[in-house]
Amino acid sequence: AQSVTQPDIHITVSEGASLELRCNYSYGATPYLFWYVQSPGQGLQLLLKYFSGDTLVQGIKGFEAEFKRSQSSFNLRKPSVHWSDAAEYFCAVRRRGGGADGLTFGKGTHLIIQP
Amino acid sequence: EAGVVQSPRYKIIEKKQPVAFWCNPISGHNTLYWYLQNLGQGPELLIRYENEEAVDDSQLPKDRFSAERLKGVDSTLKIQPAELGDSAVYLCASSLGLAGGPYNEQFFGPGTRLTVL
Chain A
1 AQSVTQPDIH
11 ITVSEGASLE
21 LRCNYSYGAT
31 PYLFWYVQSP
41 GQGLQLLLKY
51 FSGDTLVQGI
61 KGFEAEFKRS
71 QSSFNLRKPS
81 VHWSDAAEYF
91 CAVRRRGGGA
101 DGLTFGKGTH
111 LIIQP
Chain G
1 EAGVVQSPRY
11 KIIEKKQPVA
21 FWCNPISGHN
31 TLYWYLQNLG
41 QGPELLIRYE
51 NEEAVDDSQL
61 PKDRFSAERL
71 KGVDSTLKIQ
81 PAELGDSAVY
91 LCASSLGLAG
101 GPYNEQFFGP
111 GTRLTVL
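From first to last, the protein sequence lines are chains A and G. Going by my numbering, the first sequence opens with residue 1, and the numbers climb by one from there. Going by my numbering, the second sequence opens with residue 1, and the numbers climb by one from there.
See the structure below:
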């Protein structure tokens, strides 16, 4: 069965510092990969996605993620965080060819920004 | 363009009572999803609709949960009777489905936070 692991439950970063959130997946074949952000009281918003091609993908709000097949990882990065980035971040996967399938999510990483 | 609308946003009920959640997807989105998000967890798919047909309800606890999507637009998720363990956020999402190509981005509503006392 497919699974997504986000090993860090909480991460604290100073404002202006760089950020990396980890995501590993377990799947028979490389799935489609997504990162979502959830702010308090808000719905999930898609930050970026990877299907194929360039393994470094750019998303909204200055985020990027790198797909590494050998490590089954899809880590999210941002060079300089802002206080408004404090939120819950979820990595998710969907099987290739399963265009309308539901997503399988990790447990999330709670990002805290220190002033 | 309006996003996915859910109501109510918050609901508090006593155990053994029934409860219903409503979702209005983005106009033109054929596929509708209900997810369950427990505290400190990621969302988990409960059911997926393609138009009015439930095509994946394998994770829906059918003894107490039911859902419908009449006319292939709005959807209602019901719990009867509610149990303490049902306290969670219920998220609705919609997408273009197969017409959306490989990307088929899912758009999420704000969710309904259920508290069962």
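Just so you know, even glycine gets a beta-carbon here, dropped at the ideal spot from N, CA and C.
For the 7 Å CB-CB criterion, A/G108 and G/F108 do not form a contact.
Neighbourhood of G/T112 in chain A, by CB distance below 9 Å: empty, with the nearest CB roughly 11 Å away. By alpha-carbon distance to A/L103, the top candidate from G/L91, G/T112, G/Q17, G/R113 is G/L91. Three or more beta-carbon pairs separated by less than 8 Å are not found between the region 68 to 79 of chain G and the region 80 to 96 of chain A, which leaves the two stretches without contact.
For A/E20, same chain residues with a beta-carbon under 6 Å away, outside a window of 5 residues either side, are N75, R77 in chain order. For the pair A/C91 and G/L32, the Cα-to-Cα distance works out to about 20 Å. For G/P43, at least one C-beta of chain A is nearer than 7 Å to its own C-beta. Residue state for G/L70 is assigned as helix, using DSSP reduced to three classes. Between the alpha carbons of G/L114 and G/S87 lies a gap of roughly 5 Å. DSSP places A/K61 in the helix class (H, G or I) of the three-state scheme. A/G97 and G/L117 have their C-alpha atoms spaced approximately 42 Å apart. For a cut-off of 8 Å, the C-beta gap from A/L46 to A/Y36 is around 6 Å, short enough to register as a contact.
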